[in-house]
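For reference, the structure discussed in these notes is given below.
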Amino acid sequence: MARKILIGLLILVFAFGTTAHVLAQDLPYLFQVNKTVAHVYWNADGTLSLDYTWVFTNQPNAHPIDFVDVGMPNSNFVMSSITADVDGSPVSISRGDYAGSGSGFAVVMGDKTIPANGSGTVHVYVGRVSQVLHPDDEDEAYASAAFAPTWFGSQYVEGTTDYTVVYHLPPNVQPEEPRWHSAPSGFPSEPQTGFDESGRITYTWYAPNGSASSYYGFGASFPRSYVPAESIYTPPPQPLIDGDTIGTILFLCCFGFMFLGIPALTAIGNRRRKLQYLPPKISIEGHGIKRGLTAVESAILLEQPLDKVFTMILFGALKKDAAEVATREPLELKIADPLPEKMHPYEEEFLKAFKKPAGKERQKALQDMVVHLVRTVSEKMRGFSRGETIDYYKSIAQKAWAQVEAADTPEVKSQKFDEALEWTMLDKDYGDRTRRVFQGPIFLPTWWGRYDPTFRPASSAPKPAPGIPASSQPVSIPGGRNALPGADFAAQMVTGVQTFSQKVVGNINTFTERITNTTNPAPKPSSSRTRGGGRSGGCACACACAGCACACAGGGR
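Residue 337 is where the sequence shown starts when you use this note's numbering, and the numbers rise one by one after that.
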């Protein structure tokens, strides 16, 4: 009898344990990452080593933390160089159990699984990842080291994270040589600079309330002479002449370049850089195309001249019947009240700027509008590939022009141009292409009267307006539509851009430089040197050079 009772109890215990295990496996992963510390070592051989530490707190009634997914920059990591431990006890790793996006591996927690309401510290060391350095975008003598720590899926994470990322630059890099890239949102604009125990320069980014489920891109640039040339991942150029000839040319040009070339290149580079208003974090490559940008946002991504961007916004407002040009000299707008629905924020800011007096107040408001627009595009591009996205929107512009050029009649051509006007303006050859395409009579869009204050329909304006050539007047055509000679239409479209440059913002280069100083500030010069982990101005200068990026994978458990 007693034996039967004992067997029955054992069966109940086994059944309860099995049920509890099944229920635990059905629970969702839900945890807090109390602390993240990522040490990123840029080695002398051009490879990357990583040292991660995470402190996890599993939530009540949550799935046990039985795996930790670790995303990697690419697939070129050496599994045999990886070690992992939980609370100091070694655990195994597995490539096949990785459940995040991109490349990576999983830490198999085994008997160190963190139960519901439990906590634990997971430490991972990756000894070797190759093909992680890229050419710097702005200085051919520099290599770009961009990196994003692995992140966890937002559906798995609760709370904030004490977040630290430490860059260890290659040995022997001198304090005045490296440059850091712009920091991601939530981190100070400048990292703490110092030296590690091996004497290597360190950049430390720290955020006490970071997010373990966010993509954070960090970066630095340093002279490429500190790593092997072959470690910098770029397709090798095809030599046009042999090495001996190159050596002779370099020898003959050396002194001339030193005394003439370097100052000239510096001046050209400085001038070009002042017009690059996009922040460098947009250059940190993610994955895939960012769709859904407007034509104006695409123009910002392509760093189109700002006078063209303003003209695109103006045309958009006119087409929506939100404003009309009251006078061209000076350029003043009559703004609708109330504004139509579905206005973009940048269109509303643009029109508000024109409510301010012409001159400095209006220019300042337009400057603020552009800064907000640049930051909006920067935020939208986070985690996406800049290169792929640029190619995508360039193709849209080319398709828009192809539809216009393929139109069989002037009426259809005018209609297609009106529908895709802002997209056609993305073409860097917009002015010349407009002149080439529109040579015959052009059917004017319905909003043309809001753009040209001198415009009068042909039926009501038999005489030329004062100061306007007769050839520029609308002509009557069958069907009651109005048309202009193509050359005059093209000229008015193109000069709209020049009007902004000359009549509203003054010198467009000076105006753009003020934008750049806010969104993409110039490097700050080094001033002093200190050892240790504290903040210092001496270990580097801030830099806008992003280069090609090394975007990490993530999004797992």
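Note that CB positions come from ideal geometry on N, CA and C, so glycine has one too. If you're wondering where the values come from, they're calculated on a predicted model, not measured in any experiment.
Nearest residue (CA-CA) to residue i, options the options
i	options	result
Glu-513	Arg-786, Thr-540, Tyr-478	Tyr-478
Gly-894	Tyr-542, Gln-828, Ala-374	Outside the modelled stretch of the chain, which goes from 337 to 893, sits residue 894, for which no answer is possible.
Leu-757	Lys-644, Leu-669, Thr-745	Lys-644
Gly-454	Pro-400, Val-740, Ile-671, Thr-790	Pro-400
Arg-664	Ser-561, Asp-475, Gln-703, Phe-791	Phe-791
Ala-556	Thr-540, Ala-435, Gln-751	Thr-540
Thr-848	Arg-718, Val-465, Pro-641, Phe-690	Pro-641
Ala-435	Phe-403, Ser-561, Ala-452, Asp-381	Phe-403
Pro-527	Val-462, Glu-533, Lys-735, Thr-500	Thr-500
Val-509	Thr-760, Pro-559, Ser-547	Pro-559
Ser-518	Phe-483, Ile-429, Asp-763	Phe-483
Thr-497	Phe-779, Tyr-461, Gln-368	Gln-368
Pro-564	Ser-466, Ile-537, Tyr-552, Trp-390	Ser-466
Ser-411	Arg-786, Ser-437, Val-391, Thr-782	Ser-437
Thr-449	Phe-441, Tyr-461, Asp-421, Gly-463	Asp-421
Phe-686	Leu-762, Gly-463, Leu-654	Leu-654
For residue i, three-class secondary structure by DSSP
i	result
Lys-371	strand
Ala-672	coil
Thr-852	helix
Trp-541	strand
Gly-407	strand
Thr-449	coil
Val-706	helix
Asp-727	helix
Ala-600	Confidence at Ala-600 is low in this model, with a pLDDT of 42, below 50, so its placement is unreliable and the value that follows should be read with caution. Reduced to three states, the DSSP call for Ala-600 is helix.
Asn-843	coil
Arg-769	helix
Tyr-434	coil
Arg-718	coil
Leu-757	helix
Lys-696	helix
Thr-383	coil
His-357	With a pLDDT of 46 at His-357, under the threshold of 50, the modelled position of this residue cannot be trusted, and the question is left open.
Gly-628	coil
Val-563	coil
Gly-652	helix
Phe-392	strand
Val-645	helix
Val-460	strand
Gly-546	strand
Gly-803	With a pLDDT of 40 at Gly-803, under the threshold of 50, the modelled position of that residue is not reliable, and the figure given next carries that caveat. Coil.
Ala-484	coil
Trp-895	Coverage of the chain is limited to positions 337 through 893, which leaves residue 895 absent and any answer about it impossible.
Environment of residue i [buried if 16+ CB atoms lie within 10 Å]
i	result
Ala-481	buried
Pro-520	buried
Ala-694	exposed
Leu-363	exposed
Pro-409	buried
Lys-670	exposed
His-623	exposed
Pro-524	exposed
Ser-721	buried
Val-414	exposed
Lys-691	exposed
Ala-659	buried
Glu-566	exposed
Asp-765	exposed
Ala-733	buried
Lys-860	Because the pLDDT at Lys-860 is just 46, under 50, the model does not fix this residue reliably, and the value given afterwards should be weighed accordingly. By the neighbour-count rule (16 or more Cβ atoms within 10 Å), Lys-860 is not buried but exposed.
Asn-545	exposed
Pro-485	buried
Asp-381	exposed
Phe-441	buried
For residue i, the residue or residues it bridges with in DSSP
i	result
Pro-471	Ala-479
Gly-530	Thr-538
Val-748	Bridge partners of Val-748: none, in fact.
Ile-401	Ile-450
Gly-897	Residue 897 lies beyond the residue range present for the chain, which begins at 337 and ends at 893; the question has no answer from this structure.
Leu-667	Arg-664
Asp-498	Lys-371
Pro-426	Asp-421
Ser-557	Ser-480, Arg-515
Taking contact to mean at least 3 C-beta pairs separated by less than 8 Å, is the stretch 745-753 in contact with the stretch 656-670? no
Check whether the stretch 489-507 and the stretch 419-432 are in contact - that is, three or more C-beta pairs closer than 8 Å. no
Evaluate the contact criterion for the stretch 433-446 versus the stretch 381-398: three or more CB pairs, one atom per stretch, below 8 Å. no
Do the stretch 630-638 and the stretch 712-730 meet, that is, are 3 or more Cβ pairs less than 8 Å apart? yes
For the stretch 694-706 against the stretch 726-740, do three or more pairs of beta-carbon atoms, one drawn from each stretch, fall closer than 8 Å, so that the two count as touching? no
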